[in-house]
Amino acid sequence: MRMRPLGTPGSRNANVHRFRPVFALLAFLVLLCGALSGPAARAEEMPPPVKMLFQVFRLKLDLQPRARLIRPDGDGYELQDVVFAEGALDDETRFTVTARRILLRGTAMRDGLMLYRHIRVEDLQVAFTDADGHFRAFVPRADFAEVSILSPQGAHTDVEKFASGNMFSAATSIPEIRFEVSGFEPFYWRGIRVTWEGDRRTGAGEQRLEYGTLKIPLAELLKASKRHGKALDRNYDEEVLVRRLGLKEFIMTGYGESTSTWLPDNRLQTDATSIMRFERIGEISFSLDDLAMPLELLQGLEEMQRQRMAAGPGAVPPDAALMQRRLMASLQRLTLLGLDVRWRDLGLTPALLDLAAEREGVGRKALIDRLERDLTAKLAQAPIPQLARQLTAAFVKFLREPKSLHVGIRGANGQPVALAGLVSLLLISPQMLMNSVEIVIEANE
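Numbered according to my numbering, the sequence shown spans residues 1233 to 1677.
What follows is the structure, encoded as structure tokens:
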């Protein structure tokens, strides 16, 4: 796996890679959830169930996994000391992705599908170290039930060929992820669960994701903020805000649901909902209705991701320009019926308003009146006046009584709209945009 520098030591960009480990771990876990030595055995010597599993990581994440020991175990196989990836991000930062043991149970090949009754991954660790310390994300155990992987040779249609090499699991459980950062107390993400039911050859089906509970001590967040720079406006006193909210921990919970179907014209139609709740702060939800993504767009995005990972951080893949042109062409068939975003306030907005009012030496009402005047003036020349009025009215209503905000967009007359066409209208004739879509911006409804 070829990696390249993200930035030079001492530069602002050099610090960016310290936050990349979180995303690296999440990308690794998403692959598992969405689906899912003496000398290392050569590929041709690997048992087919092991070879197929390793192929998932080679094809989808450009990783080259190996195991110190692979041996038969009951009705499956045991893999010991598995290394998924190791190397350097730059001259200072090294990384490893390892698992102490992987157990494969109840393996069988049927109609081009490699089947596993159960897969358990033990002591999975993503670790980054540099001169300043380390970041580690540690998963003691992850379980996957009724897993399948379609082999490329067993795929017959274009959709099946795209789905081949993906890992689908009827039930996934990750009881705990422990995060360790030098100089900070460990924090935990517990209770991640995923269920999926669908077509194992194409990936279409229904999925439910329980985010579990992520807890981070606020004292650690404040410490990190002081060490790496203010996360909020520098004029705000973060410790005062935390006291106003009555918080001792940052706590996130939530869930997501999705249903996907392949249409006859080889577009993947998806309905999805996701809700994330932040204790004593607020709750945000997203919903998508009839998002239809063409197969060629999905193929292009996967290929671009694969080439980017092969090129390494900060590097531009050699065929990047060609891939971008192909992606732009495939966007013409991308359509959407509706999108909704909602925010339910649980204490954040009143606390922020009171802090801002105190800082400026005015009351909350006077502050909101000034914000209304400023917003009205800024939107006076907006290209779509009716939208500007909606936005101002909803924003001010929400500030006066912070309960909820809702932004929604739907195709006019209940018909899906082509997203590429909407972008063109927005650039050429914003007023005509309102003939194609219905936009709602409202507060406390």
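Where a beta carbon is used, it is the ideal one built from N, C-alpha and C, also for glycine.
Using DSSP bridges, identify the partner residues of residue i.
| i | result |
| --- | --- |
| K1447 | Y1420 and I1483 |
| L1489 | Going by the sequence as given, residue 1489 is Glu instead of Leu. Its beta-bridge partners are R1440 and T1505. |
| R1303 | E1310 |
| D1294 | According to DSSP, D1294 bridges with nothing at all. |
| R1642 | G1570 and E1670 |
| Q1556 | None; Q1556 has no bridge partner. |
| L1703 | Summary: the structure shown does not reach residue 1703, with the chain confined to residues 1233 through 1677, and so no result is reported for it. |
| S1517 | I1507 and R1574 |
| H1350 | R1337 and A1377 |
| I1708 | Residue 1708 lies beyond the residue range present for the chain, which begins at 1233 and ends at 1677; the question has no answer from this structure. |
| T1325 | According to DSSP, which records beta bridges pairwise, T1325 is partnered with nothing at all. |
If residue i and residue j are in contact, beta carbons under 8 Å, what's the gap, nearest whole angstrom?
| i | j | result |
| --- | --- | --- |
| I1483 | K1447 | 5 Å |
| Y1487 | L1441 | 6 Å |
| L1500 | L1568 | Actually they are not in contact, since the Cβ atoms of L1500 and L1568 sit about 13 Å apart, beyond 8 Å. |
| R1538 | D1294 | 6 Å |
Closest to residue i by CA distance: which of the options is it?
| i | options | result |
| --- | --- | --- |
| T1413 | I1671, E1354, P1615 and D1362 | The sequence given here has Val at residue 1413, not Thr. Among I1671, E1354, P1615 and D1362, the Cα nearest to that of V1413 belongs to D1362. |
| A1583 | R1475, T1485, Q1622 and A1644 | R1475 |
| W1428 | R1422, P1418, Q1439 and W1421 | Q1439 |
| P1304 | P1280, M1346 and K1393 | P1280 |
| V1426 | L1527, E1354, R1576 and A1374 | A1374 |
| E1417 | R1432, G1430 and R1368 | R1368 |
| Q1312 | A1320, G1306, A1331 and E1318 | A1331 |
| P1634 | E1592, M1560 and E1515 | E1515 |
| L1580 | S1519, A1547, L1473 and M1536 | L1473 |
| L1654 | L1563, K1629, R1602 and L1293 | L1563 |
| V1314 | P1550, D1294 and V1282 | V1282 |
| M1536 | G1386, D1522, R1558 and D1322 | R1558 |
| I1507 | P1372, S1519, D1390 and T1624 | S1519 |
| Q1357 | P1617, P1372 and R1349 | P1372 |
| G1532 | A1552, S1492, L1523 and V1548 | A1552 |
| I1351 | A1299, Y1309 and L1637 | Y1309 |
| G1444 | D1322, Q1647, H1638 and R1422 | R1422 |
| E1354 | Y1348, F1370, M1346 and L1347 | F1370 |
Tell whether a beta-carbon distance below 8 Å holds between residue i and residue j.
| i | j | result |
| --- | --- | --- |
| L1599 | I1513 | no |
| S1517 | D1503 | no |
| I1381 | G1365 | no |
| F1627 | L1607 | yes |
| L1530 | F1394 | yes |
| A1403 | A1377 | yes |
| E1674 | A1644 | no |
| F1360 | F1411 | no |
| G1344 | D1307 | no |
| G1570 | G1478 | no |
When burial is assigned at 16 or more other CB atoms within 10 Å of the CB, is residue i buried or exposed?
| i | result |
| --- | --- |
| I1302 | buried |
| S1401 | buried |
| R1432 | buried |
| L1587 | buried |
| A1340 | exposed |
| E1276 | With a pLDDT of only 45 at E1276, under the threshold of 50, the placement of this residue in the model should not be trusted; the figure read from the coordinates follows. Result: exposed. |
| K1480 | exposed |
| P1526 | buried |
| V1288 | buried |
| V1573 | exposed |
| M1284 | buried |
| P1496 | exposed |
| L1658 | exposed |
| S1492 | buried |
| R1591 | exposed |
| N1667 | exposed |
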